[in-house]
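Here it is, written out as structure tokens:
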């Protein structure tokens, strides 16, 4: 923390600032400038609330210096974390792909989708059972029945399962069914839910909120890690900007930034990130080229009839082509695709 | 819904679009243009998912025409809703003011604050007992003890109490203590929590999410209303933009827009909206001049020592001045301040 | 400038940073913390480019401390600047209003508009002669003929004239006709144009760019002031955000912030700020309540037939009502409206 | 254009809307819905200003249907445009790379940089002679002398030259020296400058404004094309968002969107797009993987001592590594790097 004093600060006011720093148990360091004086603070364990100083007479500004996340920080742990999703290693040299429909809609739909994406080399099946929807009148998911169908699809294909948890009430059911528990973008700062998954010992896929900064995403991960669960995969899925031609603005800058600030694996969701079917494939390639550890892709056997997000879902042949092209980019990066489940 | 076809669409593709509209039970209306054809759809009850059409061959764009919220819409109910907060009427000719600290910190703090704001004419005491904080290492509130202290302050001053509910687990406790239940900005799209307060028959203060559009705020209110609870007060509290000099960008445009689209009362939180103490008073005046039905203001008896948000909290004398200036603006608007509780 | 070093910085790297500071002619001040060291820099005249240090080994971050604008800063000049627009004082206790059509369209249109707004008490007539338009196929203004018509309207009504300058080529013509030269939002960082108006000795209305920060607006004003022209009026006119229901997001937070950081007068354009006719009046009241020194309002005698911006233009009766309501807010603020020109 | 009427519109008001459409020379098409009526308009050549209808009694909304750009649209020209920059073909199967310092600083600097990037395979040398800077007190470029040094570097290395034009005054000098004229982000809506380069018959590099939508970028290109100059290369360079960890948010979504809406070539500037040296290489790879036709990269022989943008400039060895990695991505895409000039 650095406290910048006003140019015309009185000796008395400056003394009171120094006294307040000492009173809080910290050590003040005055830096006399030509025009201004600043006071550096040391001796603190965590971040200091600037509110302690901002309102004191003579204080012009307070500037934090250290980052507020620790456990998820690259400074604390240098080597990459590899998250183990029921045998699927996320964050290593091999890239992983999660694929499936926005929502589980029927046994026929989820099974045909699971078989199709497995055949193309996906590792993990995605599919929403509990759907947070902007309108109360929209389809809210098949709920418990949806979880059962995901388990059925896993049993048949060998794919692992990722599905979203909407609230703490349904967390036990989701945790019992899912290999990887997804926290959706709207829940990234639902701190009660973050704490609840932090108390589990199961891997978590944490999606960036649509107006969350990269730092806030890391703070949300810190919430989970601070309860003892460090099996966290970060997910960039697009942020909200002024641009209206695309559903969101996929922020691929986040990949090198997250990689340099944190040891956690990072995957990208280009389906929500651009929101337009024809853009998913180029953005999937771009995500891998930017250094992502994997992808999560919306695929639907019949997107024209999808109950949600049909506009951004790939058909099975389009997904097959995506896997082919992405694997060429992976090779160019000196990486490879983690093989999907062995057909039974 | 309007479906715009591509310029070079084939007769067959156009027929398939028409057939799809009819298959869904709606009526298509072709509009032949010089360069393009568009198809209007009627016969639908609610909004139609554009995903039904966007991926059909020959479709260039799908444009929704009707709004997706109903119960909270001015089209459905013309006259203003007045929400009754334990006897305090919000949304009528008289303006109401909620004031108090960001968080309840101690008996001494909340009582001296409550007495002070009551003496200046506030109607409702604010104070967080459960605090959602960006960092897991920050002060998380006094919880049940905080609720007790708010009740104590109410008993002593006659002020009504508004406090935030963080999750469904603590909702029963909050609902039992609060006269007005606050849904914070980060929970505006926590649909499980919206449904839970929708099942109550108690007034709700719904804050706009920091990246929520005005329409999404109305959709969140619709979630609550669709469960039978229409006692909802909307709150503008600033949105996230590229501007960094202020904490948020207070979007006062939202007031006339909400007022014209909805019958619900609207209050403004200038404390979070600008985030800098010296700016709270001018923005409070501006909110009233824009047509708000009330204010929610952070006040702390000793902001320098506040455990959170000290930087934007007013002192008691500053709040007194704010009430004086705001009441002059109210008069200029042909409105007046609802008198605070009668001293006991 | 504060240089924050990495936790594990070597003694040698730290020495090299100190040497670099000295080499540039400044004085380094090391602040040793428990975990980190920071280096404060003094002795500089203006802002130091962080690029000088950010790439040195061992440097974690560079934080600027002083603001980069000077002449327009409240630190340099404490009392408010009053800009004299051909006898109309902007920035004093009395509020001023500029009103008129988006574009000059015909003699009949500009004269009837000028007479109408003068009758309601406006001080300055606005009207575009050179129009920057997003599409090359849209109406680009009447150009020289438009300037002549503005002069005609001034002669007849006594109103002063503000009109936009689009480029340096047409600046001499605009400067010869206008009492107040407007730099539009899209030209806020057209530095060649800023320098050219800075070389004049005529008042300038500088509109905030739609994605410009408050600090960048002040830097643009500094460009003009640095050439010797300090007759600058700042104008908030809405910024670009994710909100789509309104044309822009009027950032009234900018008013108290500009007022505290600068001595220049500030006016508000609620017409562009909300972009919807029914919202202009409430936002005009709000702007004055927030502390603005005046307004600029789009008014058209027949908005349905306006060639541009009809959707946000007021009719003459609506403008009359706006003046009435705004003057009541002004009184509540202890200010008053500067009387318009005496009818001839 | 589609005009949506209010639910309770009177027969008379509806007739007046139809009459207004006919009066303007267009053909109205009424679509009667269950709850509402809408009116489609045909017979128009270009876009219709919604202002013609929005204020009529009974009108609820006006929705434009056709896009306002034509010459640059993929609908008008299906095959890709290839821009010829003095023999370097941009927009074909082969990718091109522009590289060099932010600003020309000295003969020694620009020559050593040009030699270095040419040796690594760049095709075009970048370097600012006229620099638009946010502060009037910052280095503004070497101006004419800078242009001379760029020509010298071209003569020595065979690289083509791209440099920014800041205003119409200096356009003749820039056009005489440059092979490719750059319009910077801040000038993307400087319509006078767009028209001036539109009157030339020389290739233009048009950078996206930092808050410009994709559609506005295409409209700016349309300005140039409408004057007869269709030799335009579009450039994505990052947009302004709420994210503060990076300088801008590189919007790679823009690549597939621009490619599907326009026939013009698209290049990416990852240096400004992320603003942090360590992120430039991954974002360069991502840009190519997303389908860009080339890159523009800031390179400085000694970035620590750069007069501007040192923080995001690559060293020559880093640029060499970038070329190596990008060419592997290009191969994976079935493309290749256009070879640089043959050494003399």
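Chains as they are written, first to last, in my numbering: chain A, 14 to 357; chain B, 14 to 357; chain C, 14 to 357; chain D, 14 to 357.
Glycine included, every Cβ here is placed at the ideal spot set by N, Cα and C.
Quantities reported herein were computed from a predicted structural model and do not represent experimental measurements.
query	result
8 Å Cβ cutoff, residue 349 (chain D) in contact with chain A	no
Chain-ordered chain A contacts of residue 65 (chain D) [CB-CB under 9 Å]	The premise fails here: residue 65 (chain D) is roughly 23 Å from chain A at the closest Cβ pair, so nothing lies under 9 Å.
Same chain, Cβ closer than 7 Å to residue 233 (chain A), five either side skipped, listed in chain order	201, 202, 207, 219
C-beta contact flag for residue 109 (chain D) and residue 347 (chain D) at 8 Å	no
CB of residue 270 (chain A) within 8 Å of CB of residue 237 (chain A), strictly	no
Short CB-CB distance (under 8 Å) between residue 176 (chain D) and chain B	no
Cβ-based neighbour list, residue 322 (chain B), same chain, cut-off 7 Å, excluding 5 preceding and 5 following	115, 311
Chain A contact residues for residue 20 (chain C), given Cβ-Cβ distances below 9 Å	88
DSSP state of residue 70 (chain A) mapped onto helix, strand, coil	coil
Neighbour list for residue 296 (chain B) in chain C, Cβ cutoff strictly below 8 Å	265, 266, 269, 303
Residue nearest to residue 137 (chain A) in terms of C-alpha spacing, selected from A:124, A:174, A:151	A:174
Exposed unless 16 or more other CB atoms sit within 10 angstroms - verdict on residue 168 (chain C)	exposed
Segment contact, 8 Å Cβ cut-off, at least three pairs: the region 140–158 of chain B with the region 23–36 of chain C	no
Chain C contact residues for residue 180 (chain D), given Cβ-Cβ distances below 7 Å	181, 205
Boundaries (first-last residue) of the beta strand (DSSP E) holding residue 227 (chain D)	Premise fails: residue 227 (chain D) lies in the alpha helix (DSSP H), 227–238, not in any beta strand (DSSP E).
Member of C:89, C:112, C:20 whose CA lies at the smallest distance from the CA of residue 89 (chain A)	C:20
Close-in-space but distant-in-sequence residues of the same chain around residue 339 (chain D) (CB under 8 Å, 5 per side omitted)	108, 110, 297, 298, 301, 308, 350
Member of D:224, D:305, D:251 whose CA lies at the smallest distance from the CA of residue 255 (chain C)	D:224
Runs of alpha helix (DSSP H) wholly within the region 254–324 of chain A (minimum 4 residues, chain order)	267–274, 283–287, 290–302
C-beta contact flag for residue 142 (chain C) and residue 163 (chain C) at 8 Å	yes
Residue 359 (chain D) versus residue 54 (chain D) - alpha carbon distance	Any question about residue 359 (chain D) goes unanswered here, given that chain D covers just 14 to 357.
Residue nearest to residue 25 (chain D) in terms of C-alpha spacing, selected from D:38, D:71, D:65	D:71
Check whether residue 259 (chain A) and residue 261 (chain D) have beta carbons under 8 Å apart	no
Backbone secondary structure at residue 65 (chain A) - three-state DSSP	helix
Boundaries of the alpha helix (DSSP H) in which residue 25 (chain B) is found, first to last residue	24–36
Backbone CA spacing between residue 15 (chain C) and residue 291 (chain A) [nearest angstrom]	47 Å
Neighbour flag for residue 359 (chain B) against chain D, beta carbons, 8 Å	Any question about residue 359 (chain B) goes unanswered here, given that chain B covers just 14 to 357.
First through last residue of the beta strand (DSSP E) which encompasses residue 195 (chain D)	193–196
Any chain B beta carbon closer than 8 Å to residue 218 (chain D)	no
Range of the contiguous beta strand (DSSP E) that encloses residue 248 (chain A)	245–249
Segment contact, 8 Å Cβ cut-off, at least three pairs: the region 316–333 of chain C with the region 275–282 of chain C	no
Within 8 Å, strictly: CB atoms of residue 130 (chain C) and residue 102 (chain C)	no
Bridge partner(s) assigned by DSSP for residue 200 (chain B)	In DSSP, residue 200 (chain B) forms no bridge with anything.
Within chain C, partners of residue 225 (chain A) - CB distance below 8 Å	Here the premise fails: no neighbours, minimum Cβ distance about 14 Å.
Short CB-CB distance (under 8 Å) between residue 314 (chain A) and chain B	no
CB contact flag (residue 61 (chain A), residue 18 (chain A), <8 Å)	no
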